[in-house]
Amino acid sequence: MPVSTPGQRTLVLGGARSGKSAFAEGLVTGGAVRYLATAIPDPADTDFADRIAAHRARRPADWTVIDAADPAAELRLAHPGATLVDDIGTWLTARLDARAGWDAPRGTIGPDTDGLVDAVAGYRGRLVLVTPEVGLGVIPATRSGRVFRDEIGTLNQRLAQICDEAFLVVAGLPLRLK
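Using the working numbering, the first residue of the sequence shown is number 1462, and each one after it goes up by one.
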């Protein structure tokens, strides 16, 4: 397990069910932790609710959990301990929904992604970001799939540039990229 350093920004990438969230949680053990949960639960989607519940059950009870529809705003607030944002992909999906970006020209959510990148760049505490890595397979068959792939790919590249370290998690095994 890597050593956590105050003021260090870490990007944790991985595919669905790769173990990226559990790995990221292990990076912020000890001390005060602020967990920014970006998922917006849909009461009708019991499968997604079960996934959220499993994440909640795994987290220590003393963590401060914030439902963060706008993680950039939360990152502009100081926190004495580590901050974990899980996950950038669910946040991006919500922003695409909010701006009707699925059928709009690429870059429609630029103000949102610019705001997040700026907040991450300016954050001075310990920060861990969890995000899905995309593009390892075939080109998505739907426009929405391609929009998501293009937007998260660009955002991941921008975040990787400003983070101090980055990991790719595959089958629960972290590979240090930076």
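Just so you know, even glycine gets a beta-carbon here, dropped at the ideal spot from N, CA and C.
Would you identify the three-state DSSP class for residue i, choosing helix, strand or coil?
| i | result |
| --- | --- |
| Asp1475 | What sits at residue 1475 in the sequence shown is Gly, not Asp. In the structure shown, Gly1475 sits in a strand (DSSP, three-state: E or B). |
| Glu1612 | helix |
| Ala1498 | strand |
| Thr1569 | coil |
| Ile1600 | coil |
| Arg1607 | helix |
| Val1595 | coil |
| Val1489 | coil |
| Arg1637 | strand |
| Arg1556 | helix |
| Asp1579 | helix |
| Asp1508 | helix |
| Arg1470 | strand |
| Leu1538 | coil |
| Arg1520 | coil |
| Ala1650 | Nothing about residue 1650 can be read from this structure; the chain reaches only from 1462 to 1639. |
Given a threshold of 16 other Cβ atoms within 10 Å of its Cβ, counted over all protein chains shown, does residue i qualify as buried or as exposed?
| i | result |
| --- | --- |
| Asp1548 | buried |
| Thr1544 | buried |
| Thr1507 | exposed |
| Val1599 | exposed |
| Arg1537 | exposed |
| Thr1635 | The sequence shown places Pro at residue 1635, rather than the Thr named in the question. When all chains shown are included, Pro1635 counts as buried. |
| Gly1653 | Residue numbering for the chain in the displayed model covers 1462 to 1639; residue 1653 lies beyond these limits and cannot be assessed. |
| Ser1605 | exposed |
| Gly1475 | buried |
| Leu1616 | buried |
| Ala1565 | exposed |
| Arg1567 | exposed |
Are the C-beta atoms of residue i and some chain B residue less than 8 Å apart?
| i | result |
| --- | --- |
| Ala1543 | The chain labelled as chain B is not found in the depicted structure, where only one protein chain is given. |
Under 8 Å, do residue i and residue j count as touching if we go by C-beta distance?
| i | j | result |
| --- | --- | --- |
| Val1608 | Trp1552 | no |
| Thr1499 | Pro1532 | yes |
| Gly1492 | Gly1542 | yes |
| Ile1623 | Arg1512 | no |
| Arg1587 | Val1489 | yes |
| Phe1484 | Val1630 | yes |
| Ala1602 | Leu1472 | no |
Would you list the one or two residues that DSSP bridges to residue i?
| i | result |
| --- | --- |
| Ile1513 | None; Ile1513 has no bridge partner. |
| Phe1484 | Partner(s): none; Phe1484 has no beta bridge. |
| Val1631 | Leu1634 |
| Thr1525 | Arg1495 |
| Ala1543 | Val1494 |
| Glu1626 | Thr1471 |
| Leu1588 | Arg1470, Thr1544 |
At a cut of 8 Å, does the stretch 1559-1576 reach the stretch 1590-1597 through at least three beta carbon pairs?
no
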